[in-house]
Amino acid sequence: MDSTRRKFLKIAGLSAVAGIGAPAGLNMLMNKNVQAAGGHGDAAPAAHGGGHGEAPTGKRYGMVIDTVKFHERPGLAEKAIKACHSYHNVPDFGNNKDEIKWLWNERFANAFPDKSHYKKDDDLNSNQFLVLCNHCDNPPCVRACPTKATFKNKDGIVMMDFHRCIGCRFCMAACPYGARSFNWRDPRGEKDGRPFIKETNKLFPTRMRGVVEKCNFCSWRLAQGKEPLCVEACGGTGAMVFGDLNDPHSEVSQVLRTRFTIQRKPTLGTKPSVFYII
Amino acid sequence: MYDAGKIIPGLIVFVGLMLFAIYYNVGNKIEDPKPEKPVGYTSCVLPLEEIRAEHMVLLNEWRDEVIREGKREKVEAGGKMYEKSLQNGCMHCHTSQEKFCDQCHKYASVNPYCWDCHVTPEYGKALGEAN
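Same order as they appear, the protein sequences are chains C and X.
The numbering used here numbers the first residue of the first sequence as 1 and each following residue consecutively.
The numbering used here numbers the first residue of the second sequence as 1001 and each following residue consecutively.
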């Protein structure tokens, strides 16, 4: 009796170890295979600058913003902002605390805090810089979202599914660029007789109270073969160049190859898809 | 029975309250919902019976296909192409929320939250075909 119990316990113990260990071992093997096949992004030590150097797979939409051209043409940035905000029914709550921002102006020190140095030239200090969602290749907001309301689509665009947003604002805490805004109030409401959405565009939905929103790179326009509204608003000035970063022949790739550009907070490893000519 | 003097009147009041709704509505004729059909359009994206029963499922599928999978190709109905969209697809023809959607929703006592965000078009004015 004793010896059979002893045997039974031995076998039970061994099978428990095998049962727990085998899946982990298998997983490791599988991961090795995936890495050998060339994972997208994860295994890239040259991730520092982002975008350059990796083997491109599929589309990755991105943008170059030529701030010099914007500063040469006062009012152009505002025109681009208006084109975006009026179409997308972005509400104006009338105070900075509740401000909803898809595309907005920022001072250099705030847009590029890691580029701070003693004795900057006057233009950098006085000019405004157009910023928007960076549609990162490694988006922290997507990892933070508990409902997958925000996710990266096959074209590299960080999308929002407003239906699924529960308003937890984890993504806002995760985004290092402040590109996400929360609707503290009902965007369809009004204050002192002034509606928050001046003129509702009937072709685009509004949002409801308690939902986070941000730039979607006009993904619905891309599907129709058009450029984003802000890029279109800049007309032929070339102040905003949009295209596929993974296509070496796209206009945006040509600009990136020939001009020196910077990204916002590249050291964080988010690999932003929006580049700036300063 | 203890406290019969309280329990029995209590029961009578309870049953009376429960039956009040039936008594109150007896003989009332509830009008069938009459959703207004769009003028000049004869066919929907699905056969009538299916769209009537399954439109909410279709809308959810469209949403996931369009937003998540990027499948934005249009759907065909009666020779016309429509966007996979509530606001720019369905309401292209069914332009009035009150006269179409709400008719049955009210009758069935369901309160979908579509219009918390989606904007209803101007009544009787079809949206541009391009969008």
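C-beta: ideal position from N, C-alpha, C; glycine also.
Interface flag for PRO1009/X against chain C is unset, since no Cβ pair is found closer than 9 Å. A distance below 9 Å separates the beta carbons of CYS1117/X and MET208/C.
Taking ASP122/C as the centre and dropping the five residues before and after it, the same chain places no C-beta closer than 7 Å to its C-beta.
Annotation for TRP1115/X: GLN1097 place their beta carbon closer than 7 Å to its own, counting only its chain and skipping 5 residues before and after. For LEU130/C, the enclosing beta strand (DSSP E) has its first and last residue at 128-132. Where LEU1048/X is concerned, the enclosing alpha helix (DSSP H) starts and stops at 1048-1063. ALA223/C has a beta carbon lying within less than 9 Å of a beta carbon in chain X. Between ARG257/C and the set LEU245/C, PRO266/C and LEU268/C, the nearest pair of CA atoms involves LEU245/C. VAL142/C carries a helical assignment under DSSP once its states are collapsed to helix, strand and coil. Under the DSSP definition of a beta bridge, PHE151/C partners with MET159/C. In this structure, SER253/C sits away from ILE157/C, with a CB-CB distance that is not shorter than 9 Å. For LYS214/C against TRP102/C, the beta-carbon gap comes to about 6 Å, under 8 Å, which counts as contact. PRO140/C places its beta carbon less than 9 Å from that of ALA174/C. In the three-state scheme derived from DSSP, where H, G and I count as helix and E and B as strand, VAL1075/X is classed as strand. Cβ contact annotation for ARG1063/X (same chain, cutoff 7 Å, sequence separation greater than five): none. For VAL1119/X, there is no enclosing alpha helix (DSSP H), as DSSP gives it neither H nor E. With a threshold of 16 other beta carbon atoms within 10 Å, MET159/C meets it and is buried. Of all residues in the segment 1052-1066 of chain X, the ones placed with a Cβ closer than 9 Å to any Cβ belonging to chain C are ASN1060, ARG1063, ASP1064 and VAL1066, in chain order.
Around the CB of ASN134/C, 16 or more other CB atoms lie within 10 Å, so the residue is classed as buried.
Where GLY243/C is concerned, the enclosing beta strand (DSSP E) starts and stops at 240-244. Three or more beta-carbon pairs separated by less than 8 Å link the segment 62-70 of chain C to the segment 235-244 of chain C, which places the two stretches in contact. Cβ proximity to chain X below 7 Å picks out THR200, LYS202, LEU203, PRO205, THR206, ARG207 and MET208 from the segment 177-208 of chain C.
Contact annotation: ARG1072/X and LYS1084/X have beta-carbon atoms nearer than 9 Å. For ARG5/C, the number of other beta carbons within 10 angstroms of its own is below 16, and it is reported as exposed. Taking one beta carbon from each stretch, the segment 98-115 of chain C and the segment 80-89 of chain C have 3 or more pairs nearer than 8 Å; the two touch.
Rounded to the nearest whole angstrom, the C-alpha separation of GLU1054/X and ASN31/C is 42 Å. Residue nearest to ILE81/C within the set PHE108/C, GLN128/C, ASN95/C and LYS119/C is GLN128/C (criterion: CA-CA distance). In the three-state scheme derived from DSSP, where H, G and I count as helix and E and B as strand, LYS120/C is classed as coil.
GLY62/C: member of the beta strand (DSSP E) spanning 61-66, first to last residue.
Residue pairing for PHE182/C: DSSP places it in a beta bridge opposite VAL212/C.
One Cα belongs to VAL231/C, the other to ALA239/C, and the distance between them is close to 8 Å. Among the CB atoms of chain C, one or more fall inside 9 Å of the CB of HIS1118/X. The segment 1094-1108 of chain X makes contact with the segment 1024-1036 of chain X; the number of CB pairs closer than 8 Å reaches 3 or more. Within chain C, the residues LEU203 have their CB atoms less than 8 Å from the CB of ASN1088/X, given in chain order. VAL1066/X counts as buried, since no fewer than 16 other beta carbons sit within 10 angstroms of its beta carbon.
Around the Cβ of ASN216/C, a 10 Å sphere holds 16 or more other Cβ atoms; the residue is buried.
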